[in-house]
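Read through the structure below, which is laid out as structure tokens, and then see the notes.
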Amino acid sequence: MAEHGAEHAEPMAFGFVTPGMWVALSMSAFLAIVIWKKVPGAIAGGLDAKIAAIREQLDAAKALRAEAEALRAEYAKKIAGAEADAAAMVEHARHEAQAIIAKAEADTTAMIARREKMATDKIAAAERAAVDELRARAAAAAAAAAGQLIAQHHGASADRGLVDSAIAGLAN
Numbered sequence: 059m060a061e062h063g064a065e066h067a068e069p070m071a072f073g074f075v076t077p078g079m080w081v082a083l084s085m086s087a088f089l090a091i092v093i094w095k096k097v098p099g100a101i102a103g104g105l106d107a108k109i110a111a112i113r114e115q116l117d118a119a120k121a122l123r124a125e126a127e128a129l130r131a132e133y134a135k136k137i138a139g140a141e142a143d144a145a146a147m148v149e150h151a152r153h154e155a156q157a158i159i160a161k162a163e164a165d166t167t168a169m170i171a172r173r174e175k176m177a178t179d180k181i182a183a184a185e186r187a188a189v190d191e192l193r194a195r196a197a198a199a200a201a202a203a204a205g206q207l208i209a210q211h212h213g214a215s216a217d218r219g220l221v222d223s224a225i226a227g228l229a230n
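Just add 58 to wherever you are in the sequence shown, counting from 1, and you've got my numbering.
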């Protein structure tokens, strides 16, 4: 490019303040006002308050977590206890059922033995009654037969002889 013959001149205020100096001066004034109004302290205080609030929340969360873990452990212990109680109840019920079954078997065996004895006694009583009845019938039949034989073979004279010999036998 061809030079156009003009020189570049920077604007100046009061003859010595350039635009870069204005920026530096205004930045320095801004920082002085910020420091004078204690803005960094306010920002630090706000950040410290936020940090403290977050710490409180973390502490509360830790406390809640510890409480939740304690409750979890307590309920785990209760569940284990309940499971142990349930197992004990099942075992107790099993033993009771076995005892009831054993008692029922013993009662059944005893009842069968009693009924067997009753049946045996009834059979023996029926046998004795039958034997007694047979004896009674045999005795009645023998007496009837003897009566018939005596009536057929003995007359009044033979009876007199028997009666006399029986009386003579009594006198001795």
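Every residue gets a Cβ at the ideal spot worked out from N, C-alpha and C, and that includes glycine. Since we're looking at a predicted model, the values are computed, not measured.
N-terminal and C-terminal residue of the alpha helix (DSSP H) that residue i is part of
i      : result
Gly213 : Neither: Gly213 is in no alpha helix (DSSP H) and is coded neither H nor E.
Residue burial classification, residue i (beta-carbon count within 10 angstroms, cutoff 16)
i      : result
Met59  : For Met59, the pLDDT reaches just 48, beneath the cut-off of 50, and the residue's location in the model is therefore unreliable, leaving the point undetermined.
Leu228 : exposed
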